[in-house]
Every structure is written in C-alpha cells, then in structure tokens.
Amino acid sequence: ALNYPYWAPEGDYLLFCGHCLCLPDEYDFSGRTAVLSVGSNRSPVQLFQKFGHKAEIPVTEVIITGCDVVHVAGLSGYGAVPCAPFPSEGTIITLNIAWLTEPQLLEMHATESVGIAYDFVEWDTSSTCLSRDMKLERLFGYASCIGAFKHRGYPAALTMINAENRVFPEKTQDEMQLALAMMTGYGELALQEWVQLSQSNKDVHQRAQKVASSYAVHPRAAPWRIIDL
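Each number in my numbering corresponds to the 1-based position in the sequence shown with 3 added.
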C-alpha cells in the first residue's frame, strides 16, 4: 500500500510474457483501445499482476495538459489511498497509455470497479500529445466516482507523479495515510501499524472510507465525458 502508485519507466515500453521490453517502432496497434494510465496502471508490475505472464501490452508515453493526478477520497481494498485525474489549469503531466485488446479492456473494467470506484471515460484528445509519431484518434480512461481527497481546502497532488506548473499542494502516500489515520481516530498509531490495521480490520477500513468520503471534492469541468457501459 505504501509503495502506491509504484515505479513506472520513462518513455514507451512493451510488457511481453512477464518482461518489460523496448517497444518496437513498427509495432502494430490495430485492434487495441488506448487507455490512459493515471496511477498504478502506469507500472509494468501492476499490469503483470492484472493480466498475467502471458500478456502482451504495448505502452506509450503521453503528455496531458490542463490536468493533474490527485489522491482520491477513499481507500483501496489493500489499504492504499488511490489516485485519479483532476482538472488543473496550466498544469502539464507525463503519463502513459496502455493499448488493450477487447478482453484486456473488459478485465481492466473489473479491476477498476467501474461504477463503484471509477467511471469509464473518454478524454478530449486536444489536451493530449503522444511522444511517438502516431495519431491518437480516441483516448479512454478512468475517473474517480467519489472525488478527490480535499486536504486543507485543495485536492492533494501525488508527489510521485512529476508535473509542470502544478498548483495543488503535493502529498506523499505516507502523508495521506497519516492524515487519514488522524481523521479516523488512530493518530497515535505508527504508519505501518495504521496500514496493517486498515488492511486487516473491516470495520476500521469502512470507517476510514466514510471519513475520507466526507472530504471529497468533484471537478466542475473535466476534459473527459463519462461512458455508460
């Protein structure tokens, strides 16, 4: 939980049979859907966890303008404070796109708890720029249903995600966990103790979820539209 959203390489790569390889220049993307990776889906380790050792997934770097990545007002099943995109005028972030086959996309919907934790959305591609010389016709992704975690009046951006012209204050996973522990009434616990408690105790986990949701803030004008599945 404390390593979320996990390490991701810079630039393009190919996840192939459990290996993170260079993505060939001539790779054929036909039949695949472009899905923006905002949090842990940026990481080859997470893609491996979700799709297994036989998966082949090309990943390309993309620059997003007018948006940041912020902590969500919730707690994942394994105890991490997850993240989601949030409009931020003038901010520029570098993320990546996982190009998924239809079966892989359906599997991704299941892992993202679409309709419960996240909405499936289509992005306005005018806010995007690919690193490689190819046209991006359509771009999909996931946006939080429950909103961003408002900490001291503002959404809290992820320290692990680099950004230019960032306007939101940055918070690490450790800082968000400690803040949530304090809000939930467990401020006396050490960081590891709190995370282990929220992972193992269902009542504490639900209480933390409820507290976090009371600090939720939703975007007013987002560069995406929700897709009804």
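C-beta atoms are modelled at their ideal positions from N, C-alpha and C, and glycine is treated no differently.
Based on the DSSP secondary-structure assignment, which residues constitute the bridge partners of residue i?
i: tryptophan 227; result: Trp126
i: proline 61; result: Leu17
i: tyrosine 157; result: His154
i: aspartate 71; result: Phe89
i: serine 33; result: Beta-bridge pairing links serine 33 to no other residue.
i: glycine 144; result: Val124
i: threonine 131; result: Ile67
i: isoleucine 95; result: Thr68 and Glu167
Using the Cα positions of residue i and residue j, report the straight-line distance between them to the nearest angstrom.
i: alanine 215; j: glutamate 140; result: 36 Å
i: leucine 108; j: leucine 39; result: 12 Å
i: leucine 18; j: proline 85; result: 23 Å
i: isoleucine 60; j: alanine 11; result: 14 Å
i: alanine 120; j: lysine 153; result: 17 Å
i: glutamate 105; j: cysteine 148; result: 23 Å
i: isoleucine 66; j: serine 43; result: 17 Å
i: alanine 224; j: glycine 69; result: 11 Å
i: tryptophan 197; j: tryptophan 126; result: 36 Å
i: valine 62; j: glutamate 191; result: 42 Å
i: glutamine 199; j: glycine 150; result: 25 Å
i: serine 130; j: tryptophan 227; result: 10 Å
i: glutamine 209; j: aspartate 28; result: 47 Å
i: glutamate 64; j: asparagine 6; result: 22 Å
i: leucine 142; j: threonine 187; result: 37 Å
i: proline 8; j: threonine 162; result: 10 Å
i: aspartate 206; j: leucine 26; result: 45 Å
i: threonine 128; j: tyrosine 30; result: 21 Å
i: alanine 211; j: glutamine 176; result: 15 Å
Would you identify the three-state DSSP class for residue i, choosing helix, strand or coil?
i: glutamate 196; result: helix
i: proline 101; result: Residue identity check: residue 101 is alanine in the sequence provided, not proline. Strand, per DSSP.
i: phenylalanine 54; result: helix
i: leucine 139; result: coil
i: aspartate 28; result: coil
i: glutamate 173; result: strand
i: proline 47; result: helix
i: glutamate 110; result: helix
i: leucine 162; result: It should be noted that the sequence gives threonine, not leucine, for residue 162. Coil.
i: histidine 208; result: helix
i: glutamate 167; result: strand
i: serine 79; result: coil
i: leucine 39; result: strand
i: valine 117; result: strand
i: valine 220; result: strand
Since I believe residue j is in contact with residue i (beta carbons under 8 Å), could you give me their beta-carbon distance rounded to a whole number of angstroms?
i: valine 117; j: alanine 87; result: Not really, about 13 Å apart at Cβ, beyond 8 Å.
i: phenylalanine 89; j: isoleucine 230; result: Between isoleucine 230 and phenylalanine 89 the Cβ distance is about 19 Å, and since that is not below 8 Å, they are no contact.
i: lysine 174; j: alanine 159; result: 4 Å
i: alanine 4; j: tyrosine 81; result: 6 Å
i: tyrosine 157; j: proline 172; result: 6 Å
i: serine 201; j: leucine 78; result: 6 Å
Would you call the region 177-190 and the region 103-118 touching, i.e. three or more CB-CB distances under 8 Å?
no
Contact between the region 201-221 and the region 126-145 is defined here as three or more beta-carbon pairs at a separation below 8 Å; is this criterion met?
no
Are at least three pairs of beta-carbons, each pair with one atom in the region 67-75 and one in the region 29-38, less than 8 Å apart?
no
Looking at C-beta atoms only, is the number of pairs between the region 10-24 and the region 49-66 that lie closer than 8 Å three or more?
yes
Mind the definition here: the region 166-174 touches the region 88-103 only if three or more C-beta pairs lie below 8 Å; say whether that holds.
yes
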